[in-house]
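One line per chain: the protein sequences are A and B, in this order.
With the first sequence counted from 1, adding 1 to any position gets you my numbering.
With the second sequence counted from 1, adding 1 to any position gets you my numbering.
Below is one structure, written out as structure tokens; the observations come after it.
2 protein chains.
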Amino acid sequence: MIYLDNAATTLRKPQTVIDAVVTAMNSMGNASRGAHDEALQASRTIYDTRCSLAKLFGCSRPDHVVFTCNSTEALNIAIQGAIHPGSHVVTTDLEHNSVLRPLYRLQEEQGVRLDFVPADRRGQIDYRDFERMLRPDTGAIVCTHVSNLTGEIVDVGCIGRMAREKGILFIVDASQSAGSIPIDMEKMGIDILCFTGHKGLMGPQGTGGMCIREGVEIRPLKEGGSGVQSYRHRQPEEYPTRLEAGTLNAHGIAGLGAAVDYILETGADKIGEKERSLARHFYEGVAGIDGVTVYGDFTTEYRGPVVALNIRDYDSSEVSDALSQDYGIATRPGAHCAPRMHEALGTTDQGAVRFSFSWFNTMEEVDTAVRAVRELAE
Amino acid sequence: MIYLDNAATTLRKPQTVIDAVVTAMNSMGNASRGAHDEALQASRTIYDTRCSLAKLFGCSRPDHVVFTCNSTEALNIAIQGAIHPGSHVVTTDLEHNSVLRPLYRLQEEQGVRLDFVPADRRGQIDYRDFERMLRPDTGAIVCTHVSNLTGEIVDVGCIGRMAREKGILFIVDASQSAGSIPIDMEKMGIDILCFTGHKGLMGPQGTGGMCIREGVEIRPLKEGGSGVQSYRHRQPEEYPTRLEAGTLNAHGIAGLGAAVDYILETGADKIGEKERSLARHFYEGVAGIDGVTVYGDFTTEYRGPVVALNIRDYDSSEVSDALSQDYGIATRPGAHCAPRMHEALGTTDQGAVRFSFSWFNTMEEVDTAVRAVRELAE
């Protein structure tokens, strides 16, 4: 089997990740819920993972690294908890439903007004649109770092500078970039960085989180047991406890910690470079095939390791099924939870077949995938 | 090490649980996000686990078994999503902060009025208080199944009958009962059953969920990617997708499925019986020791496998530390996130040392723990 669905979840993980989960399941108590060795081991592992993530993302405070079960939860906490009712929000057509749906909810229920920076037919945005759309009452910009559909990398540093100049909250969805594109939230002017653990970070499913810049206030989405200040009626104020009610997934976090350490040792830039070269090689192999349409602007070298395409007018699900059944190649078809991007690309009916690459894929696998696309197109 | 902190998390899991997580991490794609073998395997495992949980809890519809990252999340979804602003809610002094804090939030922010069925000095409630407190505008009863502090088992079947007669929503926190006390939500009249995966169910941390009776409407707490109906502005209406935005923790759920299957094969009643006999043996060993105060009413045989005690006026943390460092016995001291129960028991300052037992503990371990308590008391 050739697994090219890494933008959905990286199937192959470093062995240290699996080992860390097994060790945790055999030895860990409940973090922050006791002072015996097993509970302390869980607490230490969680804290170490906060430190590794803070280092990876340029977050100045490890205690402002909050764990969630995935990036969707992080984005819901950020969007529901830091955007004020009635305020104006700028976002983009590139967004995933994990950004769009929480924003539509605020629009419907809390009078938040949304403006979308449009994507063109190649899925690209014009940064001047942000400046044009920002208003005195703009409360937040919410933006993905990389399109999950075309791999387009958004220059979040450029947007961050605008946001910081005007004192606007800047929330970034790093679901598709964390682990393979260097992120420095201080330098990039990011206030809240939301990430998932099981994609580019190569950690277990059930992990993810957010890094919060000093001074940013977020209202908890959930309240409950905190292991500290038990007599308070409401969730404690301090991060990370403020946003982490209940028992954390210390088993998964142990795996995530091992994964992030693997990335820190290897280098996110080195990982990203390999992934990009795989995607580029694939693109070059399929771009010239008669009947194949590739989405996105590949004149730019610096892109997320994702190539979405269609073959003639074939339904993307049928193509993906054929790739799976006839060639043993795992891809993802359909709408990719990015409805506005499909509208921009003109693929709402057909969807698209997405090939997404990871550190563990090989050029040989890419060549096989190119041959498969060519055969299906003929 | 003798691990007697199983009410916080069961450290020891069946080997099949760990094996299932490892297999999942080596082979699973993203459930509901593609149709290749790896994605389908994740979807099937998740569905099988829903079926096992539905069977264990007497939930008539596996698609009404919703996964969350722990019971705190399940309780927040239930309480924030099914209780209407301004309504009257009856709950008890036995509750954990995972019930209390979401309720206090509704009280402060949505005009919900709370009444607490009081616990006496032995941590017991009078069921007639429920009848006395129910009013025409009572919208919900929220109640734990077992006190995490004293092990008192609440007769949820009795409360469920009252609730159903009057058409009142009944939410049960099964964090301390699931896996060791048989639960049949239909027979017991439970509308929403909230559980965690990593305690009595012996699954991985980062798992949990809720079973929802047919016809009960719950508003989502989070919205986002659903893998279906991607062009809808809001989360799809159907359970379980309605409450499960983003990628599920399929790795953990695979382990939870193996754990629930282990319980179904072994029998929750058999597991509970052994755990209760361990707790009873411990209670009988320590109850007569001079200077030891045990909390709760042990004239009842049918109790959760928990014994909370104090030794003279020693700080509970110091006793727990001594047990850990001098005897290698893991317990939990302090407030146990159950503030009203400590007020009822008169232990707000001292806290209590909780010994909690699991299927994998032995009588020899209990005897060692009894000897340790005796020595500390002398």
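A virtual CB, placed ideally from N, CA and C, is assigned to each residue, including glycine.
Helix, strand or coil for residue i per DSSP?
i	result
residue 131/B	helix
residue 343/B	helix
residue 210/B	strand
residue 162/A	helix
residue 228/A	coil
residue 174/A	strand
residue 194/A	strand
residue 139/B	strand
residue 144/A	strand
residue 255/B	helix
residue 182/A	coil
residue 363/A	coil
residue 52/B	helix
residue 221/A	coil
residue 378/A	helix
residue 29/B	coil
residue 236/B	coil
residue 37/B	coil
residue 281/A	helix
Excluding the 5 residues preceding and the 5 following residue i in the sequence, name in chain order all residues of the same chain whose CB lies nearer than 6 angstroms to its CB.
i	result
residue 350/A	none
residue 111/B	86
residue 334/A	317, 318, 321, 352 and 354
Measuring straight from C-alpha to C-alpha, what distance separates residue i and residue j?
i	j	result
residue 14/A	residue 366/B	38 angstroms
residue 315/B	residue 373/B	15 angstroms
residue 308/B	residue 360/B	15 angstroms
residue 115/A	residue 161/A	18 angstroms
residue 154/B	residue 299/B	11 angstroms
residue 167/B	residue 190/B	12 angstroms
residue 254/A	residue 29/B	18 angstroms
residue 362/B	residue 198/B	19 angstroms
residue 156/B	residue 233/A	28 angstroms
residue 120/A	residue 213/B	41 angstroms
residue 260/A	residue 20/B	20 angstroms
residue 41/A	residue 35/A	8 angstroms
residue 45/A	residue 130/A	45 angstroms
residue 65/B	residue 102/A	22 angstroms
residue 289/B	residue 312/B	12 angstroms
residue 132/B	residue 163/B	8 angstroms
residue 125/A	residue 95/A	8 angstroms
residue 294/B	residue 348/B	11 angstroms
residue 263/A	residue 55/A	15 angstroms
residue 231/B	residue 258/A	32 angstroms
residue 276/B	residue 302/B	12 angstroms
residue 389/A	residue 149/A	Past the edges of chain A, shown from 2 to 379, lies residue 389/A, and the structure says nothing about it.
residue 291/B	residue 297/B	18 angstroms
residue 23/B	residue 26/A	11 angstroms
residue 324/B	residue 285/B	19 angstroms
residue 33/B	residue 134/B	45 angstroms
residue 216/A	residue 80/B	30 angstroms
Can residue i be considered in contact with the ligand HEM, in the sense that its beta carbon sits closer than 7 angstroms to one or more heavy atoms?
i	result
residue 72/A	Inclusion of the ligand HEM in the displayed structure is not the case, the ligand content being empty and no account of it being possible.
Here's a check: name, in chain order, each residue in its chain whose Cβ is nearer than 7 angstroms to the Cβ of residue i, leaving out the five neighbours to either side.
i	result
residue 370/B	3, 5, 283, 330 and 356
residue 186/B	58, 59, 60, 194, 212 and 214
residue 240/B	64, 65, 67 and 213
residue 375/B	290
Name the DSSP beta bridge partners of residue i, please?
i	result
residue 357/A	6/A and 307/A
residue 115/B	90/B
residue 293/B	312/B
residue 67/B	211/B
residue 330/A	3/A
residue 80/A	Paired residue(s): none; residue 80/A is not in a bridge.
residue 154/B	147/B
Once you ignore the five residues that flank residue i on each side, which residues in its own chain have a CB closer than 8 angstroms to its CB?
i	result
residue 188/A	59 and 158
residue 200/A	7, 8, 9, 10, 11, 176, 177, 179 and 180
residue 183/A	269, 270 and 273
residue 108/A	114 and 115
residue 53/B	258, 261, 262 and 265
residue 221/A	78, 82, 236, 243, 244 and 246
residue 48/A	63
residue 165/A	171 and 190
Inset, instruction - Decide if the segment 246–265 of chain B is in contact with the segment 217–234 of chain B; the criterion is three or more beta carbon pairs, one per stretch, under 8 angstroms apart. - result: yes
Inset, instruction - Please confirm if the segment 58–70 of chain B is in contact with the segment 84–98 of chain B, defined as three or more CB-CB distances below 8 angstroms between the two stretches. - result: The segment 58–70 of chain B, when compared against the segment 84–98 of chain B, does not touch it at the 8 angstroms Cβ threshold.
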